[in-house]
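**Q** Quick one: structure below, then a few questions.
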Amino acid sequence: MSNLFNQFWPYTIDGLSLGAIYALMALGYTMVYGVLRLINFAHSEIFMIGTFAVLGTLHLFGMPTNVSGFALVGLLIVLALVGGAASGGSAVILEYVAYRPLRRHGASRLAALISAIGASLFLQQLFARLVVPAAFDLPKEKGALPVQGHFVQKSNVIHIGSFELSNDRLIVIVGAVLMMLLLDVFVERTKLGRGIRATAQDPETAVLMGVNIDRIVTATFAIGGAMAGVAAALYMLRFEETRYDVGFLLGIKAFTAAVLGGIGNLRGALVGGVLLGLFEMYGSAIFGSEWQNVVAFSVLVLVLMFRPTGILGESLQQARA
Amino acid sequence: MNNSSNGNPLTRVRGAYSSASDSVRDRWSDAPGWARWLVYLILIVVALVLPADGIGNVMSPFTDWPTLLFFPIGGYILLAIGLNVVVGQAGLLDLGYVAFFAIGGYTMAVFGVKFGWSFWEILFVGVILSALSGIILGAPTLRLRGDYLAIVTLGFGEIVRITANNTDYIGGPNGIGGIPHPPTLTEWTIPDNGFFDALGFGGVQPFKYGALDGKPYYYLMLAVIILAIIFVKRLENSRVGRAWASIREDEDAAELMGVPTFKFKLAAFAIGAAIGGATGVVYASQAVSIIPTNFPFILSATILAAVVLGGSGNLPGVIFGAFLVAWIPERIRGLAEYRILVFGGVLVLLMAFRPEGLLPSRRRKAELAEGTGGMGTMGAEIGGPVTVVAGEVNE
Numbered sequence: 000m001s002n003l004f005n006q007f008w009p010y011t012i013d014g015l016s017l018g019a020i021y022a023l024m025a026l027g028y029t030m031v032y033g034v035l036r037l038i039n040f041a042h043s044e045i046f047m048i049g050t051f052a053v054l055g056t057l058h059l060f061g062m063p064t065n066v067s068g069f070a071l072v073g074l075l076i077v078l079a080l081v082g083g084a085a086s087g088g089s090a091v092i093l094e095y096v097a098y099r100p101l102r103r104h105g106a107s108r109l110a111a112l113i114s115a116i117g118a119s120l121f122l123q124q125l126f127a128r129l130v131v132p133a134a135f136d137l138p139k140e141k142g143a144l145p146v147q148g149h150f151v152q153k154s155n156v157i158h159i160g161s162f163e164l165s166n167d168r169l170i171v172i173v174g175a176v177l178m179m180l181l182l183d184v185f186v187e188r189t190k191l192g193r194g195i196r197a198t199a200q201d202p203e204t205a206v207l208m209g210v211n212i213d214r215i216v217t218a219t220f221a222i223g224g225a226m227a228g229v230a231a232a233l234y235m236l237r238f239e240e241t242r243y244d245v246g247f248l249l250g251i252k253a254f255t256a257a258v259l260g261g262i263g264n265l266r267g268a269l270v271g272g273v274l275l276g277l278f279e280m281y282g283s284a285i286f287g288s289e290w291q292n293v294v295a296f297s298v299l300v301l302v303l304m305f306r307p308t309g310i311l312g313e314s315l316q317q318a319r320a
Numbered sequence: 000m001n002n003s004s005n006g007n008p009l010t011r012v013r014g015a016y017s018s019a020s021d022s023v024r025d026r027w028s029d030a031p032g033w034a035r036w037l038v039y040l041i042l043i044v045v046a047l048v049l050p051a052d053g054i055g056n057v058m059s060p061f062t063d064w065p066t067l068l069f070f071p072i073g074g075y076i077l078l079a080i081g082l083n084v085v086v087g088q089a090g091l092l093d094l095g096y097v098a099f100f101a102i103g104g105y106t107m108a109v110f111g112v113k114f115g116w117s118f119w120e121i122l123f124v125g126v127i128l129s130a131l132s133g134i135i136l137g138a139p140t141l142r143l144r145g146d147y148l149a150i151v152t153l154g155f156g157e158i159v160r161i162t163a164n165n166t167d168y169i170g171g172p173n174g175i176g177g178i179p180h181p182p183t184l185t186e187w188t189i190p191d192n193g194f195f196d197a198l199g200f201g202g203v204q205p206f207k208y209g210a211l212d213g214k215p216y217y218y219l220m221l222a223v224i225i226l227a228i229i230f231v232k233r234l235e236n237s238r239v240g241r242a243w244a245s246i247r248e249d250e251d252a253a254e255l256m257g258v259p260t261f262k263f264k265l266a267a268f269a270i271g272a273a274i275g276g277a278t279g280v281v282y283a284s285q286a287v288s289i290i291p292t293n294f295p296f297i298l299s300a301t302i303l304a305a306v307v308l309g310g311s312g313n314l315p316g317v318i319f320g321a322f323l324v325a326w327i328p329e330r331i332r333g334l335a336e337y338r339i340l341v342f343g344g345v346l347v348l349l350m351a352f353r354p355e356g357l358l359p360s361r362r363r364k365a366e367l368a369e370g371t372g373g374m375g376t377m378g379a380e381i382g383g384p385v386t387v388v389a390g391e392v393n394e
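Read top to bottom, the protein sequences are chains A and B. Take the first sequence: its letters are residues 0 to 320, numbered as in numbering that gives the first Met the number 0. Take the second sequence: its letters are residues 0 to 394, numbered as in numbering that gives the first Met the number 0.
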């Protein structure tokens, strides 16, 4: 307990930056769930692909180290774009290969979930066995090892008493909030965003109103995937390593965050992600870091017991039955 | 069936498979009682000679066949039967089923190693304990629906695994070793004559649970599986089974018709958990040592895949699905590192090919076509060339 009070600010900052990554990833789960009512289990692999795309780009630039200033901003934008494109693209392909045939046959959501789990296994192993060893010139069995990329020059930007904010954590938090705002504006203001909301609310009526469902679904996967890609870039900035199963636990946590905030609810993803990150960090301060994940899942169970639709309630637009 | 008009070969194959499996099912439901008993008898005989060397050489050239039949094949089948009660019959999505398997396994380990109880006593205790844990998990969470329940159960599975990993009393990450085998029932030995020798059964002691021979454990698992099948099948055709079907199809309607849905959902959870726990006890009694990583999330997902792949709600289908899911990765061990890759791809393809599962029950198939059955269909299915008509029931 005293651990938490002595180190309150470090734990809070860590929790916020972790929560920001959860929140960005939770967006993908929550959007796909809102439109298709499907737990896109392979979203964690979409994120993983993003981290490797970012790492590959860093290699392409000859592994820059200690970047700072405008060069860092430029590099970050490039990395976010590459990560977003790689993840968004693979999410669209995933939808096309694994989910679209099932939608065509009106398959049960359970079948779609199994397809998602299968796709998740497939992508994970594809990267572990083939893509990563080939792309990074590693011996095959090394696919499981963490692959490192360190590029940012770390410094504390704000320093007041025990309150220290390092630049990488600040970038992660600011970057995530920025993406959230962008997405919010996109979904609220644009025509495509309105289509997504309409489909989430009532797909049949949306079709009758002339919404092209297939296009909406593709867009949903692309945007959700791109968000995961940006999250991947921020993750690489913050944790500087990745491996083929990096997305697994992160994905479960992000989905937990989505449920915590109210699944299908974009702002709920932010609230859920940040809260989950904070709870995890405070929990590990109190009980020890080996209980971090138990705290996260216990919080989920408790919140759902008292508020079954999540903190902000479920809806991309309005609550659905 | 409007498939015949479609020229796409894949669609035609699918249609042919579908009508073939339908006709088998119809013949079965029209078959007289004696014919069914004959089939049951044949199936049991087949199960008894299954560990024979000749079959093993074909089925599993890379690993010891009887051990493989015990686990993963037998174990997955038993787990799938248990999960089928929850997912297939009551329509509740459980993504943390492995937790009950773990609780059974750790019960065997703790009571066997620390208290010196015998296997049969622990089997009883393990079933009770895991059923209780099912009730403890279910009581606060079963008011949640669908995907919320899925994620809570997933969380519960992780909590159980991590707790086992962090608790020193049960060995932490090193787990528990030296778990006793079940006591020998009888030293009776299969006679060593030409007939049994040819099958590879000569000199086998089917009720002596040693360290080397996998066959006695397989027969033990088989006995538990047969008991579980009888139990679950009897439930399916009882008031409980009908209540589950009504909850699965429309929970609100069931509640309005006076079905105490919460009670029955809790019962489904407890029964599923009990079967999972029994699997854990039997598994640990053979495994000698267990560690927390024996119970990963991916096992929950695999068992769920087995249930859905086989045709959730239909016992023969579920057993077949579990067999495939356990056997395929072992059979292609020649592909070594690529086997999980292939397995994942096969899951995606099979779901695209036959989303209702390989052998669905007629009722489940109709439910799935209607979009009921606990899970419903995906939200945005419109836009495809095929519109699903809820008319399969009227055939």
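The beta-carbon is built from N, C-alpha and C at its ideal position, and this holds for glycine as well. Here the structure is a predicted model, which means the values were calculated and not measured.
Give the range of the alpha helix (DSSP H) segment to which L301 (chain A) is assigned.
**A** The residue labelled residue 301 (chain A) in the question sits at position 302 within the first sequence. 291-305 is the span of the alpha helix (DSSP H), which, as asked, contains L301 (chain A).
**Q** Using a Cβ cut-off of 7 angstroms, which residues of the segment 263-283 of chain A contact any Cβ in chain B, in chain order?
**A** Taking 7 angstroms as the Cβ-Cβ cut-off against chain B, none of the residues of the segment 263-283 of chain A qualify.
**Q** I'd like the list of long-range same chain contacts for G14 (chain A), defined as Cβ closer than 6 angstroms, with 5 residues on each side in sequence excluded.
**A** If you number the first sequence from 1, residue 14 (chain A) lands on position 15. Answer for G14 (chain A): G276, L277, M280, listed in chain order.
**Q** My output table needs one value for T241 (chain A): the three-state DSSP class, helix, strand or coil.
**A** Numbered from 1 along the first sequence, position 242 holds the residue referred to as residue 241 (chain A). Reduced to three states, the DSSP call for T241 (chain A) is strand.
**Q** Strictly under 7 angstroms for the Cβ-Cβ distance: is A110 (chain A) near chain B by that measure?
**A** Against the first sequence, residue 110 (chain A) aligns to sequence position 111. Output row for A110 (chain A): interface = yes.
**Q** Looking at the secondary structure, which residues open and close the alpha helix (DSSP H) in which E248 (chain B) lies?
**A** Position 249 of the second sequence, counting from 1, holds the residue named residue 248 (chain B). Here the alpha helix (DSSP H) through E248 (chain B) covers 238-248.
**Q** So I215 (chain A) packs on G194 (chain A), CB below 8 angstroms; how close in whole Å?
**A** As a position in the first sequence, residue 215 (chain A) is number 216, starting the count at 1. As a position in the first sequence, residue 194 (chain A) is number 195, starting the count at 1. Going by Cβ atoms, the distance from I215 (chain A) to G194 (chain A) rounds to 5 angstroms, so yes, they are a contact pair.
**Q** What does the Cβ neighbour count give for S86 (chain A), buried or exposed, with the cut at 16 atoms within 10 Å?
**A** Your numbering for residue 86 (chain A) matches position 87 in the first sequence. Flag for S86 (chain A) reads buried.
**Q** By alpha-carbon positions, which one of B:I225, B:R338, B:R233 ends up nearest to L42 (chain B)?
**A** Residue numbering aside, residue 42 (chain B) sits at position 43 when the second sequence is read from its first letter. Minimum Cα distance to L42 (chain B) is reached at B:I225.
**Q** Could you check what DSSP says for I134 (chain B) in three-state terms: helix, strand or coil?
**A** Looking up residue 134 (chain B) in the second sequence gives position 135. Three-state result, I134 (chain B): helix.
**Q** In chain order, what residues of the same chain have a beta carbon less than 6 angstroms from the beta carbon of A218 (chain A), not counting five sequence neighbours either side?
**A** As a working mapping, residue 218 (chain A) is identified with position 219 in the first sequence. If we look at A218 (chain A) and ignore the five residues flanking it on each side, its Cβ neighbours are L191.
**Q** Restricting to runs no shorter than 4 residues, where is the alpha helix (DSSP H) found entirely within the segment 23-92 of chain B?
**A** As far as the segment 23-92 of chain B is concerned, its whole alpha helix (DSSP H) runs of at least 4 residues are 32-48, 52-58, 64-67, 74-83.
**Q** Would you call the CB atoms of A101 (chain B) and F294 (chain B) closer than 7 angstroms?
**A** One-based indexing of the second sequence puts residue 101 (chain B) at position 102. One-based indexing of the second sequence puts residue 294 (chain B) at position 295. Going by C-beta atoms, A101 (chain B) is nearer than 7 angstroms to F294 (chain B).
**Q** Relative to the alpha-carbon of Y105 (chain B), which residue among B:L346, B:P328, B:G279, B:F194 has its alpha-carbon at the smallest distance?
**A** The sequence position of residue 105 (chain B) within the second sequence is 106, counting from 1. If we check each option's Cα against that of Y105 (chain B), B:G279 comes out closest.
**Q** One question on the structure: do G49 (chain A) and G228 (chain A) come within less than 7 angstroms of each other, judged by their Cβ atoms?
**A** Mapped onto the first sequence, residue 49 (chain A) falls at position 50. Mapped onto the first sequence, residue 228 (chain A) falls at position 229. For G49 (chain A) and G228 (chain A), yes; Cβs fall inside 7 angstroms.
**Q** Among A:M47, A:Y10, A:N65, A:S114, which has the Cα closest to the Cα of G83 (chain A)?
**A** The residue given as residue 83 (chain A) occupies position 84 in the first sequence. Ranking the options by Cα distance to G83 (chain A), first place goes to A:M47.
**Q** Could you check whether the segment 1-15 of chain A touches the segment 62-72 of chain A, counting it as contact only if at least three pairs of C-beta atoms, one from each stretch, sit closer than 8 angstroms?
**A** The segment 1-15 of chain A is not in contact with the segment 62-72 of chain A.
**Q** Tell me whether the beta-carbon of G316 (chain B) lies closer than 7 angstroms to the beta-carbon of L358 (chain B).
**A** If you number the second sequence from 1, residue 316 (chain B) lands on position 317. If you number the second sequence from 1, residue 358 (chain B) lands on position 359. Contact: yes.
**Q** Is it the case that the Cβ atoms of A268 (chain A) and A22 (chain A) are separated by a distance below 7 angstroms?
**A** Mapped onto the first sequence, residue 268 (chain A) falls at position 269. Mapped onto the first sequence, residue 22 (chain A) falls at position 23. Contact: yes.
**Q** Name the residues in the segment 116-133 of chain A whose C-beta lies less than 9 angstroms from a C-beta of chain D; which are they?
**A** Of the protein chains in the structure, A and B, none is chain D.
**Q** According to DSSP, is F162 (chain A) part of a helix, a strand, or is it coil?
**A** For the purposes of this step, residue 162 (chain A) is taken as residue 163 along the first sequence, with counting starting at 1. If DSSP states are grouped into helix, strand and coil, F162 (chain A) belongs with the strands.
**Q** Compare the C-beta of L101 (chain A) with all C-beta atoms of chain B and state if any pair is closer than 7 angstroms.
**A** For the purposes of this step, residue 101 (chain A) is identified with residue 102 of the first sequence, where counting begins at 1. Judged by the 7 angstroms Cβ criterion, L101 (chain A) is in contact with chain B.
**Q** With distances taken between CB atoms, is the gap from V294 (chain A) to I161 (chain B) smaller than 7 angstroms?
**A** Residue mapping note: residue 294 (chain A) aligns to position 295 of the first sequence, counting from 1. Residue mapping note: residue 161 (chain B) aligns to position 162 of the second sequence, counting from 1. No, the Cβ-Cβ distance between V294 (chain A) and I161 (chain B) is not below 7 angstroms.
**Q** So which residues of chain A does S311 (chain B) contact, with C-beta pairs closer than 7 angstroms?
**A** Translated into positions along the second sequence, residue 311 (chain B) becomes position 312. Simply L109.
**Q** Classify V44 (chain B) as buried or exposed, calling it buried when 16 or more other Cβ atoms lie within 10 Å of its own Cβ.
**A** Counting from 1 along the second sequence, the entry for residue 44 (chain B) is found at position 45. V44 (chain B) is exposed by the Cβ-count criterion.
**Q** How is V287 (chain B) classed by DSSP in three states: helix, strand or coil?
**A** For this step, residue 287 (chain B) is matched to residue 288 along the second sequence. In this structure, V287 (chain B) counts as coil in the three-state DSSP scheme.
**Q** So for G372 (chain B), helix, strand or coil by DSSP?
**A** Locating residue 372 (chain B) in the second sequence gives position 373, counting from the first residue. Note that G372 (chain B) has pLDDT 44, beneath the 50 cutoff, so the model's placement of it is unreliable and no number is given.
**Q** Just to check my reading of the structure: L181 (chain A) and A351 (chain B) have Cβ atoms closer than 8 angstroms, yes? What is that Cβ distance to the nearest angstrom?
**A** Taking the first residue of the first sequence as 1, we reach residue 181 (chain A) at position 182. Taking the first residue of the second sequence as 1, we reach residue 351 (chain B) at position 352. Incorrect: roughly 34 angstroms between the Cβ atoms, too far for contact.
**Q** Give me the Cα-Cα distance between F263 (chain B) and P190 (chain B), rounded to the nearest whole angstrom.
**A** By 1-based counting over the second sequence, the position of residue 263 (chain B) is 264. By 1-based counting over the second sequence, the position of residue 190 (chain B) is 191. Answer to the nearest angstrom: the Cα atoms are 49 angstroms apart.
**Q** Can you list the residues of chain B that A97 (chain A) reaches, using a CB-CB cut of under 9 angstroms?
**A** The count along the first sequence starts at 1 and reaches residue 97 (chain A) at position 98. V347, M350, A351, listed in chain order.
**Q** Using the C-alpha atoms, what's the distance from A210 (chain B) back to I175 (chain B)?
**A** Counting from one through the second sequence, the residue named residue 175 (chain B) turns up at place 176. Counting from one through the second sequence, the residue named residue 210 (chain B) turns up at place 211. Near 17 angstroms, if we compare the C-alpha coordinates of A210 (chain B) and I175 (chain B).
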